[in-house]
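As they're listed, the protein sequences go chains A and B.
If you read the first sequence in the working numbering, its first letter stands for residue 1, the second for the next number, and so on.
If you read the second sequence in the working numbering, its first letter stands for residue 1001, the second for the next number, and so on.
Backbone N, C-alpha and C define an ideal beta-carbon position, used for all residues, glycine too.
Here's the structure, in C-alpha cells; my notes come after.
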Amino acid sequence: MYILKNALKSITRNKLRNFLIGIIVLIISISACVSLSIREAAEAAKEDTLSDLQVTGTISFNRQKAMEEMKKSSSSSSSSKSSSSSTKTDRSKFDFDVLQGSSLSLSDYKKYAKALKSGDSYYYSGAVSLNATGKILPYGTSEDDDDSSSSSSSSKSNSNSGNMQPPGDNNNNNSNTQNNQGGMGHQPFQVNQGDFSITGYSSYKAMLSMFGDDGSYKITKGKMFDETSDALECIISNELATYNSLKVGDTIKLANPNYEKETYKLKIVGIYKNSDSSSEENNRFQMNDPANNIYMNYNAFTKIIKASAKANHKMTDSDGNKTSAKLTENLAFTYTFKSVDNYNSFAKKVYKLGLSDDYTVNSNDLQQYENSLLPLQTLSQTAIWFFIIVLAVGGVILITLNIFNLRERKYEVGVLTAIGMKKAKVALQFVTEIFIVTFIALIIGTSVGAAVSVPVTNTLLANQIQSSQSTGNNVKENFGFKNDDSNTPPDNNGGPMGDMFGQSKAQNYVDSVNSATNLFVVMELVLVGLFLTIIASLAALISIMRYEPLKILSNRS
Amino acid sequence: MSILKLENISYHYDRSKVMVLDKLNMDFDEGKIYTIVGKSGAGKTTLLSVLSSLAAPTDGKIFLNDKDITKIDRYKFRSKYVGVIFQSFNLLTHLTALENVILSMDISGKKFDRPKKEIALELLRKVGLDEEEAKRRVLKLSGGQQQRVAIARALSYDPDIILADEPTGNLDGETQDEIIGIFRMLAEEGKCVIIVTHSPDVAKASDITYELKKPDKAS
C-alpha cells in the first residue's frame, strides 16, 4: 500500500518529467487509437460489404494467352515457308481457333455447374440480332444520328454470322471488361448488328442481373413474359411501341439478317420503360439503340435458334465462299455464389471437371468489391505502418527518458534499499509510477482518438480516393481522353468510351466509415499501454536489480 | 548474553587478496555505547557495512541473539533489527523529515500500536525537531537537523541495535554533545549503540571502545 502511496507522491513531485512522459504516451495512444480504428473500420467495411455481396462468376476464354500461344506456333511454322499467303492462312486459322475456343456450349456450362456448392446457382441468357421486316421499323432509323458508334452499329452493311455482344455483363463494372467478352479491341470478327437485339433469359433473375435492381426498368403495359413457357412471346420498349404504334397482343415479324427470308413471329406480351438514361448510354455502345432491345425467355429464344439451324440456309460471304446463314446465339452464362469461399472453390474445381486451361473463371463483382475496398485497405495498411513506427519511436523516447530519469533517482534507489526496502518493491514502485502516468495518458489519448478517429478516417479516405481517381484519370488520359471532370457532367464524360475504362462513373469506393473505435480497439490500446509500461520500465528494472546497496556508503556527498 | 556477536569475521574485496578485516571477534550488549575507532583504511566502514548487513563477510559468523544472521534476509535485517545512521545521512531530500521517518516505518513492515505519524513526530521531538521543522523538506534543514532526522529514522521501527557512521563528523562541538546525549539516552533505554568514529571525544563518551588495526598483509 505504501508503495502506491510513494508512487503517487513521486509522480506529483516530478510533475515536469511525468508530464513529458504523459505527452509522449498521449501522442502514441492517439495515433495508435486512430490507426487501429482505421484498421478496424477497414475490417468492418470488408465484412459488411462481403455479407451483402452477391458473388457472380463467369467462365471466359483467355484470349491473351491463346494469342500468345498461337503466335508462338505460327512463328515457328511460318519460319520455313515465308509466303504471305501462309501467314494469312495462319491468321484466319488463328481467328477461327479463337472463336471456336471462346464459345462454350450451354451443356458445357451446365456441366461445369456441377462444381457449384449447395446454395449456389446459375442463370444464362442468349442473344441474337434480327432484322426488321414487314411493317416494323427499328427505333431511331429515320433520325440522322451523328453518334458514330450508334450509326455504324445500326447499319446493316456488315453481315457475317449474326454474332453480337452478349448483354449479360453490361450492368457490371466495366473496368474488368478486357477479361470478358466485351470491350474494344477484343473483337476478332466483324460484329454483325441486326436492327434488333433479341435476348432470351433463363429466368427473371437473369434479367434482374442485367437490368439491375434500381428499378429503372418497368413494365408499363401488359405483363412480363412467362418464365417457363416456350411460346414466342416478348416484351418491347415503349419507344419502339410508340414508334411503330404497337400494342400488347400485336405480333412482330423479324428476319435473320443473314437470310432475309427466314422470319420469326413474336407476340408482344408487355411493354417496358427504361427510365435510367445512363444505362441507355451504356447500352448504345454495346448494341443498337436500347429501345430496339427485345426480351423473351430462353426456352422461346432457343426455339428460334433451333429453327434457324434446322433451316440451315446458305449464304455467300465477301470472299465468295458459301457459308451457313444460321443464327448463332451468343451465350452469357453466369454462376451465382453464396459466398466468396464458394466462388474460390468453384474456380478450382471447375478445371477438374475438364475445363481447359485456356479459360479463366472470373468474377466482376468480386473484383469490384475488392476495388471498392482498395482505398480503405491501402489506408489501413498505411495506418498500421504508421502505428508501428509511432510505437517504435515512442518506445525509444520513453526508454531514453527513463534511463535519464533513473540516473537522477539512483540515490533514491540506494537509500530505499539501504534502509531495507527490497529491490523488487523498489522496482514495483517505479513501474507503478510509469504505469499510472501511462494509463492516465492512454485514457485521455483513447478518448481523443476515439472522438477524432471517424472524421480523421473519412478525411484520409477521401484523400486516398482522390489519389486513386487521379491515377484513374491518368489512365484515361493515356487513352486520349481529356480529363475535364470539372466542366463536364459525368454522363457525357468521355462518352461511351470513357465508360469503358470504368472511370467516368467513378468506381464505387467505400468512402466513409461510421464507427471505428470499438471494444477490440480499446483492448488493443490497453495492450499498447502495457507494452509501453514494460518498455519504459525495462531500463528501471534492470538498473534497480543490478544496484548494490553497499554503494550507498561510498556516496558521501 | 550479547545481542550481537562477531566470530572470526574476515573480509576482503572480490578481486583483492588484501584482508580488510581479519578474524575479528567482538561482542555487543544491550544498554551500552560502543565505539569502533581506527585510522583511515583500518576497515571501519567495511566493518559497519558488515554489521549492517550491507555486505556479507567473506568468512566468519555474526550472531543476532545467538542466531546466525546469514539465516535472516539481509533486507529484513536492515529494515527491522538494525537502525543505521549514515555519515551522509542518506535521507530522501525531496521528502519532509516526517515523511522520511514514516517511510522507513512503512518499509519495516512492523505493526505499530499508534498512528505512524504520531510516533514519528514524537521521535523527531525527542531528537530536537519541532513539528514545523518535521514538516519541512529535508533539503531545507541544516546539517545538524538532518543528522537528527537520520537518527529519528533509525529509531522509528524500534530496532535493538543502532549503528552510526561518524555521527558527529559534520557537526560543531555543541551539536556533537547533544547528539552524544541522544545516544546516551538510547543506551539507557536498553539499545545497543555502535558508533564508528575517529573522534576521541566520542570514544571517550562510550562504554566500550574497539580499536581496529590494519591487518597484516594477506597471508
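At the 8 Å Cβ level, is residue i part of the contact set with chain C, yes or no?
| i | result |
| --- | --- |
| Ile1107 (chain B) | Among the protein chains of the structure shown, namely A and B, there is no chain C. |
Taking the C-alpha atoms as reference points, what is the distance between residue i and residue j?
| i | j | result |
| --- | --- | --- |
| Met545 (chain A) | Arg407 (chain A) | 14 Å |
| Asn1090 (chain B) | Val1138 (chain B) | 10 Å |
| Tyr369 (chain A) | Phe19 (chain A) | 46 Å |
| Ala255 (chain A) | Val361 (chain A) | 35 Å |
| Ser537 (chain A) | Val431 (chain A) | 6 Å |
| Gly200 (chain A) | Val350 (chain A) | 25 Å |
| Thr417 (chain A) | Ile3 (chain A) | 13 Å |
| Ser118 (chain A) | Ile384 (chain A) | 38 Å |
| Lys15 (chain A) | Ile23 (chain A) | 12 Å |
| Gly1043 (chain B) | Lys551 (chain A) | 16 Å |
| Gln464 (chain A) | Ser31 (chain A) | 18 Å |
| Ile235 (chain A) | Ile294 (chain A) | 6 Å |
| Lys1110 (chain B) | Ile1072 (chain B) | 16 Å |
| Thr1096 (chain B) | Gln1176 (chain B) | 23 Å |
Which residues in the same chain as residue i place their Cβ atom closer than 7 Å to its Cβ, once the five residues preceding and following it in sequence are excluded?
| i | result |
| --- | --- |
| Leu442 (chain A) | Val25, Ser29, Leu525 and Gly529 |
| Lys221 (chain A) | Val248, Gly270 and Ile271 |
| Phe439 (chain A) | Gly529 |
Taking CB distances under 8 Å as the criterion, tell me whether residue i reaches chain A.
| i | result |
| --- | --- |
| Tyr1034 (chain B) | no |
| Arg1078 (chain B) | yes |
| Tyr1011 (chain B) | no |
| Leu1124 (chain B) | no |
| His1198 (chain B) | no |
| Tyr1075 (chain B) | yes |
| Leu1092 (chain B) | yes |
| Ser1040 (chain B) | no |
| Ser1104 (chain B) | yes |
| Gly1049 (chain B) | Looking at the sequence provided, one finds Ser at residue 1049 (chain B) rather than Gly. Answer yes: the Cβ-Cβ gap between Ser1049 (chain B) and chain A drops below 8 Å somewhere. |
| Leu1212 (chain B) | no |
Using beta-carbon positions only, say whether residue i and residue j come within less than 8 Å of one another.
| i | j | result |
| --- | --- | --- |
| Gly1031 (chain B) | Ala1154 (chain B) | no |
| Leu1021 (chain B) | Thr1046 (chain B) | yes |
| Ser37 (chain A) | Thr517 (chain A) | yes |
| Ser202 (chain A) | Tyr259 (chain A) | no |
| Arg39 (chain A) | Asn405 (chain A) | no |
| Gly270 (chain A) | Lys223 (chain A) | yes |
| Val415 (chain A) | Tyr547 (chain A) | no |
| Phe387 (chain A) | Leu116 (chain A) | no |
| Val1037 (chain B) | His1198 (chain B) | yes |
| Leu1129 (chain B) | Gln1146 (chain B) | no |
| Ser1052 (chain B) | Arg1015 (chain B) | no |
| Gly445 (chain A) | Leu532 (chain A) | no |
| Thr1168 (chain B) | Ile1151 (chain B) | no |
| Asn299 (chain A) | Lys273 (chain A) | no |
| Leu353 (chain A) | Leu106 (chain A) | no |
So, for residue i: in the same chain, excluding its five sequence neighbours on each side, which residues have a beta-carbon less than 8 Å away from its beta-carbon?
| i | result |
| --- | --- |
| Asp1207 (chain B) | Lys1032, Ile1033, Tyr1034 and Ala1187 |
| Thr1209 (chain B) | Tyr1034, Thr1035, Ile1036, Val1037 and Ala1203 |
| Ile436 (chain A) | Ala7, Leu8 and Ile11 |
| Lys303 (chain A) | Asp230 and Leu232 |
| Leu1121 (chain B) | Leu1098, Glu1131 and Ala1134 |
Using a Cβ-Cβ cut-off of 6 Å (strictly less than) and excluding sequence neighbours within five positions of residue i, which residues of its own chain qualify?
| i | result |
| --- | --- |
| Asp289 (chain A) | Tyr139 and Gly140 |
| Ile542 (chain A) | none |
| Leu1024 (chain B) | Leu1006 and Ile1009 |
| Phe337 (chain A) | Val55, Asp120 and Tyr343 |
| Thr1093 (chain B) | Val1138 and Leu1139 |
| Gly1063 (chain B) | Before going on, a small fix: residue 1063 (chain B) reads as Phe here, not Gly. For Phe1063 (chain B), where only same-chain residues beyond five positions count, the Cβ hits under 6 Å are Lys1005. |
| Arg1148 (chain B) | Val1127, Gly1128 and Leu1129 |
| Gln178 (chain A) | Caution applies to Gln178 (chain A), whose pLDDT of 37 falls short of 50 and renders its modelled position unreliable; the value that the coordinates give is listed next. So the list is empty, once near-sequence residues are dropped. |
Using beta carbons (cut-off 8 Å, strictly below), is residue i in contact with chain B?
| i | result |
| --- | --- |
| Ile419 (chain A) | yes |
| Lys46 (chain A) | no |
| Leu406 (chain A) | no |
| Val528 (chain A) | no |
| Val415 (chain A) | yes |
| Glu412 (chain A) | yes |
| Tyr2 (chain A) | yes |
Please list the residues of the region 8 to 27 of chain A that have a C-beta atom closer than 7 Å to any C-beta atom in chain B, keeping them in chain order.
-> Arg13
| field | Cβ-based contacts, 7 Å cut-off: residues of the region 417 to 444 of chain A near chain B | value | Ala418, Ile419, Gly420, Met421 and Lys422
Residues within the region 1054 to 1072 of chain B neighbouring chain A, beta-carbon criterion of under 9 Å: Leu1054 and Ala1055
Practice problem: Mind checking the region 1013 to 1026 of chain B against chain A and listing, in chain order, the residues whose C-beta falls within less than 9 Å of any C-beta there? | Solution: none
Q) For the region 1132 to 1154 of chain B, which residues have a CB atom closer than 9 Å to at least one CB atom of chain A, in sequence order? A) Arg1153 and Ala1154
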